[in-house]
Every structure is written in structure tokens, then in C-alpha cells.
Amino acid sequence: MAIKDKYKRPQRVPGWIHIILFLFLGISFVETAIGYASVVGTVIAYILSAAVTALLYLLTLDIGRRIIRGQSLFGVVFIFFIFSLITYAGNFNAFYTQFNKSTIFRQELTLHKVELNELQSQTITAVSHIIAPEVELENNVKKLVGQLEAQVLDPQRPGFGQRAKQLIQEISKTLGQPLTELSTSNYRVALEGYKNQIQKILDTRKEDGNYRYAINLANRVKVETDAQVKRIDALLQSGLESRIREEGYGVIQQSVDVYNKLRNDVNIYVNNEELFNLKPAVFASEEIGKMNYAFASAFNDYLFIAILLSVLAFLIDWVAALYLIFIFRGNVNSQTDEDHQAQIRSRRGRTSLD
Numbered sequence: 118m119a120i121k122d123k124y125k126r127p128q129r130v131p132g133w134i135h136i137i138l139f140l141f142l143g144i145s146f147v148e149t150a151i152g153y154a155s156v157v158g159t160v161i162a163y164i165l166s167a168a169v170t171a172l173l174y175l176l177t178l179d180i181g182r183r184i185i186r187g188q189s190l191f192g193v194v195f196i197f198f199i200f201s202l203i204t205y206a207g208n209f210n211a212f213y214t215q216f217n218k219s220t221i222f223r224q225e226l227t228l229h230k231v232e233l234n235e236l237q238s239q240t241i242t243a244v245s246h247i248i249a250p251e252v253e254l255e256n257n258v259k260k261l262v263g264q265l266e267a268q269v270l271d272p273q274r275p276g277f278g279q280r281a282k283q284l285i286q287e288i289s290k291t292l293g294q295p296l297t298e299l300s301t302s303n304y305r306v307a308l309e310g311y312k313n314q315i316q317k318i319l320d321t322r323k324e325d326g327n328y329r330y331a332i333n334l335a336n337r338v339k340v341e342t343d344a345q346v347k348r349i350d351a352l353l354q355s356g357l358e359s360r361i362r363e364e365g366y367g368v369i370q371q372s373v374d375v376y377n378k379l380r381n382d383v384n385i386y387v388n389n390e391e392l393f394n395l396k397p398a399v400f401a402s403e404e405i406g407k408m409n410y411a412f413a414s415a416f417n418d419y420l421f422i423a424i425l426l427s428v429l430a431f432l433i434d435w436v437a438a439l440y441l442i443f444i445f446r447g448n449v450n451s452q453t454d455e456d457h458q459a460q461i462r463s464r465r466g467r468t469s470l471d
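Counting from 118, one number per residue, gives the positions in the sequence shown under the numbering used here.
Below, the structure written as C-alpha cells:
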């Protein structure tokens with residue numbers, strides 16, 4: 118009797134298996150619901166997750182019962198595998214989003230910072246090229262005014278001599294309009310009068326619609342891109358992963374909107390791909406939290422992490438089932454063989470006594 122009790126076949130799965138199932142399938146239930154929330158909505162996601170995890174719980178227990186009875190496991194394991202694919206997808210999406218969200222946002226924020234700086238640089242270059250003729254004209258006029266001033270105030274020959282009058286004509290020709298002739302009896306007063314005339318003409322030219330728009334556009338691009346870059350830096354340099362996860366989406370969306378609006382304005386004004394040729398910005402991680410984005414991003418950009426999360430997403434459902442299949446079944450089979458040998462030895466002992 119002692120030998121038979123020692124090798125008695127188990128009649129039920131170990132009780133602690135229920136604890137493992139509640140623990141791991143409980144985690145799977147929550148993560149699967151989170152993973153499917155963006156696909157079917159939160160309520161349906163939790164209902165789906167509850168149904169599938171409950172089924173996996175029952176299938177795990179059925180695997181244990183079949184092992185005890187010595188029945189085939191193929192059918193139940195195959196069904197378990199099919200339903201575990203549902204939870205795997207949800208678990209993977211939830212794990213990847215939760216573990217990698219701040220990293221993804223950080224990388225995209227850095228990318229948009231570079232784009233904003235490039236937008237500012239190309240805008241200034243393009244606008245500078247467009248207004249270059251006007252800037253060159255102003256520089257030439259100021260150079261001539263400097264020569265005029267030096268000529269009129271020359272201590273050796275002060276006043277408006279022949280050379281000074283030639284310079285006034287050159288300035289008038291460069292400006293494209295005549296200067297009002299002034300009395301030169303007081304050459305200092307006359308000089309200031311001519312300088313004021315010239316400056317007013319230059320200022321008027323700057324008020325030209327195209328020139329003023331170009332300057333205002335360049336200034337607006339600089340101010341708005343600088344402000345957005347500061348917002349990005351403030352978030353990235355905070356060092357708080359939780360803050361990046363919470364605020365990253367909004368700052369990225371704002372960065373994309375600022376960039377695309379300014380880019381469109383500059384592109385319309387410049388209308389020259391050789392001077393300005395920037396593509397629209399894209400919110401690459403806008404789909405974060407969605408299943409297709411999680412798998413595409415993980416396996417394309419973070420293969421090692423994708424493999425680790427795949428293993429975790431599978432094992433969280435399979436850990437109890439794998440124990441029953443590979444360890445518990447081995448123990449049951451071992452005990453059965455030893456029990457059989459014990460019965461043979463017991464019969465031999467009784468025969469010899471008879």
C-alpha cells in the first residue's frame with residue numbers, strides 16, 4: 118500500500134496553477150484590452166479581452182485534465198494557440214506603446230526640431246536672394262552718399278563743387294528718380310537735406326509690397342520656428358519620461374502644423390524649387406497605439422525590442438500551459454511508469470509467498 122500511495126497518479130492539476138493563471142492572465146487581460154482599445158473601442162476591447170482570457174484559462178485547465186487522463190493534447194493546444202494569437206497582438210501593441218512611447222516621441226521631436234531649423238535657414242536664404250537687388254541698390258546709394266558727404270565736408274574744398282554735383286546725379290540715377298534741387302549756400306544744411314531726401318526714397322522703396330512682405334515673412338518664420346524649437350527643447354530637456362509621454366503628442370502635432378503652414382507660405386511666395394525645396398512635415402507617430410503602427414515600427418526600427426516583446430507577449434499566456442505540457446506531463450508519465458513497476462514487484466512478491 119505504501120508503494121502504491123507513493124506512485125499514485127495525480128487526479129487534478131496542481132492548485133498553485135490557478136494562482137499563476139490569475140496572475141499572468143490577469144495582466145494579459147488588461148494589456149490585451151489596452152492593445153485593442155484603439156481598434157474596437159475601450160468597452161468592446163475589455164469585453165473581448167475578458168472572453169479570450171477566460172477561454173485561455175479554461176483551455177489551460179483542460180490541458181491539465183487531458184494530461185492526467187492520458188488523452189491527446191493536439192486539438193486543445195491548437196485551439197489554445199489560435200486564441201493566444203488574439204491576446205498576443207493586443208499584448209504586443211500595449212507593451213510596445215507603453216515601453217517605447219517616450220523614445221518614439223523623443224526621436225520625432227528631435228526630427229521636427231531639425232526640420233524647423235532647416236525651414237528657417239532656407240527661408241532666410243531664399244528671401245535674401247529675392248531682395249538682393251534692392252539690398253545691393255541701397256548699399257550702392259549709401260556708398261555714394263558717403264562719398265558725397267566726404268566731398269562736401271572736405272576741409273580743403275568744402276561745399277558742392279563739380280564732383281559733389283556729379284555724385285548727386287549718380288545717386289538720383291541709381292534711385293531711379295530725381296532729387297529735389299536744394300540751395301547750397303549753406304552746404305551743411307544742403308547736405309542734410311539731400312541725405313534726408315535719399316533716406317526717404319529708400320524707406321519708400323522698402324515699403325513696396327513685395328519687399329515688405331518678404332522681410333515680414335522671413336521675420337515671421339524666424340519668430341515662430343524659434344518659439345516652437347524652444348517648446349521642443351523645454352520638453353526634451355525636462356528629463357521626465359512621463360511628461361514626454363503625456364505632452365509629446367501635442368507638441369509634435371503643433372510642430373508639424375507650424376512647419377507646414379510656414380513652409381506653404383514661403384513656398385507660395387518664393388515659387389522657385391532651386392531656392393526653396395522643402396517637403397511637408399509628417400506626424401510619423403500619429404498612429405502610435407494602433408496595432409499596425411506598433412508592429413511596423415517595432416520590427417522595422419527596433420527589431421531586438423520587437424523580438425523580446427514578442428516572447429513576453431506569448432509567454433504571459435503560455436507560461437502555465439507550457440509548465441503543464443513539458444513538466445507536469447513528464448511527472449505524470451514518470452509516476453505512471455514507476456507505479457506500473459511497483460505493481461509488478463508487488464505481484465511477484467505475493468506469488469513467491471504463495
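Glycine residues also receive a C-beta, built at the ideal position from the N, C-alpha and C atoms.
- Cβ-Cβ separation between Trp435 and Ser166: approximately 17 angstroms, too far for a contact (criterion under 8 angstroms).
- Per DSSP, Val130 lies in no alpha helix (DSSP H) and is assigned neither H nor E.
- Inter-segment contact for the region 395–402 and the region 369–386 is present: three or more beta-carbon pairs are separated by less than 8 angstroms.
- Here the C-alpha atom of Gln268 lies approximately 26 angstroms from the C-alpha atom of Arg322.
- For Gly187, there is no enclosing alpha helix (DSSP H), as DSSP gives it neither H nor E.
- The straight-line gap separating the alpha-carbon atoms of Ile203 and Ala168 is approximately 11 angstroms.
- Sequence-distant partners of Glu404 (beyond 5 residues in either direction) whose C-beta falls short of 8 angstroms from its own C-beta, in its chain, are Tyr410.
- By the Cβ neighbour-count rule, Phe222 is buried, with 16 or more other Cβ atoms within 10 Å of its own.
- Of the residues assessed, Leu140 falls on the exposed side of the cut-off, its CB having fewer than 16 other CB atoms within 10 angstroms.
- Closest in alpha carbon position to Arg280, among Leu261, Lys347 and Arg362, is Leu261.
- Rounded to the nearest angstrom, the Cβ distance from Ala437 to Tyr205 is 16 angstroms, too far for a contact under 8 angstroms.
- Judged by DSSP in its simplified three-state form, Ser302 adopts coil rather than helix or strand.
- The Cβ atoms of His246 and Tyr376 do not sit closer than 8 angstroms to each other.
- When the alpha-carbon of Leu439 is set against those of Gln224, Glu235, Arg360 and Ile180, the nearest one is in Ile180.
- Under the three-state reduction of DSSP, Asp271 is assigned to coil, being neither helix nor strand.
- Annotation for Glu364: Leu352 place their beta carbon closer than 8 angstroms to its own, counting only its chain and skipping 5 residues before and after.
- Boundaries of the alpha helix (DSSP H) harbouring Lys339: Gly326 to Leu353, taken from the DSSP string.
- The DSSP-derived three-state label of Gln294 is coil.
- Separation of Thr177 and Gly207 (C-alpha to C-alpha, rounded to the nearest whole angstrom) is 20 angstroms.
- In chain order, Leu233, Ser372 and Val375 place their CB closer than 6 angstroms to the CB of Gln345, counting only its own chain and leaving out the 5 sequence neighbours on each side.
- DSSP places Leu392 outside both helix and strand once states are collapsed to three, so it counts as coil.
- Boundaries of the alpha helix (DSSP H) harbouring Gly207: Phe191 to Ile247, taken from the DSSP string.
- Around the beta carbon of Thr297, a 10 Å sphere encloses fewer than 16 other beta carbons of the protein chains shown; the residue is thus reported as exposed.
- When rounded, the separation of the alpha-carbon atoms in Val147 and Asp350 is 34 angstroms.
- Between the alpha carbons of Ile288 and Ser300 lies a gap of roughly 18 angstroms.
- Counting only the Cα atoms, Val130 lies some 22 angstroms from Ile144.
- Take Ser189, set aside five residues on each side of it, and the residues of its chain with a beta-carbon closer than 8 angstroms to its own are Arg183, in chain order.
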